[in-house]
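Colleague:
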């Protein structure tokens, strides 16, 4: 795959003409690299001085509560761009950590200066960037004003979903039952019953202080058929 095909397949570059892509490839420094599974890409609270595009493979996102009582992890497949909305604004740093989750994960990195001074000069890229940032804000706004679910199961899905970047895929929550019960405004017994029912349906796996959701979208689709919606 040549450099133009690589760019055309990435978020923020899709829909651009071959001429625009040729110009970008000639005037913008595009740093390509291939890394192994478990390699750090972006660290929590690191300055957002670049934009990272994932060309191939997948990445694992990790973010912890401010008090350190629980952590969410999710797997995000390529192609994707890592938190472009963190590049500007009052707090231009990352809140989460990203690591490679597959061997031969391929990345492309563009500096903040090149994004601002060169790529924004291309209207198609600039508009795609604005759309990405606005979409992130709109999704957050919608979630914030969604009615809080009335069931324990609904609140659990809300708890995971509102902390995720994607409404699908593999997710893991590291949390003890007492903390989860407090977050869901219920008792530990109710949380245990809810998780046990999901496990029996094959929708999650449970370890001590560790909830594994292989396919969050499957959980959402099958949720109404479970006998714990009461």
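Residue numbers (this note's numbering): 1 to 230.
C-beta: ideal position from N, C-alpha, C; glycine also.
Apart from the five residues just before and just after residue 57, which ones in its own chain have a Cβ nearer than 7 Å to its Cβ?
Modeller: Locating residue 57 in the chain shown gives position 57, counting from the first residue. When the five nearest sequence neighbours on each side are left out, the beta carbons in the same chain lying within less than 7 Å of the beta carbon of residue 57 are those of 78, 100, 102, 104, 105 and 106, in order along the chain.
Colleague: Can at least three beta-carbon pairs, one atom from the stretch 28–43 and one from the stretch 87–101, be found at a separation below 8 Å?
Modeller: yes
Colleague: Could you tell me the boundaries of the alpha helix (DSSP H) in which residue 20 lies?
Modeller: Position 20 of the chain shown, counting from 1, holds the residue named residue 20. Run containing residue 20: 18–27, per the alpha helix (DSSP H) assignment.
Colleague: Give the single residue among 76, 71 and 125 whose Cα lies nearest to the Cα of residue 174.
Modeller: As a working note, residue 174 is residue 174 in the chain shown. Among 76, 71 and 125, the Cα nearest to that of residue 174 belongs to 71.
Colleague: With a floor of 4 residues, list each alpha helix (DSSP H) that falls wholly inside the stretch 144–226, ordered by position along the chain.
Modeller: 152–162, 177–183, 188–200 and 216–222
Colleague: Rounding to the nearest angstrom, what Cα-Cα distance links residue 119 and residue 125 in this structure?
Modeller: Position 119 of the chain shown, counted from the start, is the residue given in the question as residue 119. Position 125 of the chain shown, counted from the start, is the residue given in the question as residue 125. Roughly 6 Å separates the two Cα atoms.
Colleague: Would you mind giving the Cβ-Cβ distance between residue 87 and residue 51, rounded to the nearest angstrom? I have them listed as a contact below 8 Å.
Modeller: As a working note, residue 87 is residue 87 in the chain shown. As a working note, residue 51 is residue 51 in the chain shown. 6 Å between Cβ atoms; contact.
Colleague: Of the choices 204, 84 and 162, whose alpha-carbon is the least far from that of residue 148?
Modeller: To locate residue 148, count along the chain shown from 1; it is residue 148. When only C-alpha atoms are compared, the closest one is 162.
Colleague: To the nearest angstrom, how far is it from the Cα of residue 212 to the Cα of residue 38?
Modeller: Position 212 of the chain shown holds residue 212. Position 38 of the chain shown holds residue 38. Going by the C-alpha atoms only, they are around 19 Å apart.
Colleague: Only counting the same chain, and skipping five residues up and downstream in sequence, which positions put a Cβ closer than 6 Å to that of residue 158?
Modeller: Locating residue 158 in the chain shown gives position 158, counting from the first residue. If we look at residue 158 and ignore the five residues flanking it on each side, its Cβ neighbours are 149.
Colleague: Does DSSP put residue 7 in a helix, a strand or coil?
Modeller: Mapped onto the chain shown, residue 7 falls at position 7. Residue 7: helix per DSSP, three-state reduction.
Colleague: Going by beta carbon distance, what residues of the same chain come within less than 8 Å of residue 46, once the five residues before and after it are set aside?
Modeller: Counting from one through the chain shown, the residue named residue 46 turns up at place 46. The answer, listed in chain order, is 93 and 94.
Colleague: With H, G and I counted as helix, E and B as strand and the rest as coil, what does DSSP make of residue 105?
Modeller: Position 105 of the chain shown, counted from the first residue, corresponds to residue 105. In the structure shown, residue 105 sits in a strand (DSSP, three-state: E or B).
Colleague: Exposed or buried, which one is residue 207 when buried takes at least 16 other CB atoms within 10 Å?
Modeller: Within the chain shown, residue 207 is the residue found at index 207, counting from 1. Its Cβ having fewer than 16 others within 10 Å, residue 207 is exposed.
Colleague: Starting from residue 67, trace the beta strand (DSSP E) in both directions and tell me its first and last residue.
Modeller: Here residue 67 corresponds to residue number 67 of the chain shown, with the count starting at 1. Taken as a continuous stretch (DSSP letters only), residue 67 belongs to no beta strand (DSSP E), as it is neither H nor E.
Colleague: Which value, in whole angstroms, describes the spacing of the CA atoms of residue 116 and residue 209?
Modeller: Translated into positions along the chain shown, residue 116 becomes position 116. Translated into positions along the chain shown, residue 209 becomes position 209. About 43 Å.
Colleague: Tell me the DSSP secondary structure of residue 83 in three-state form.
Modeller: For this step, residue 83 is matched to residue 83 along the chain shown. Three-state DSSP puts residue 83 in coil, outside helix and strand.
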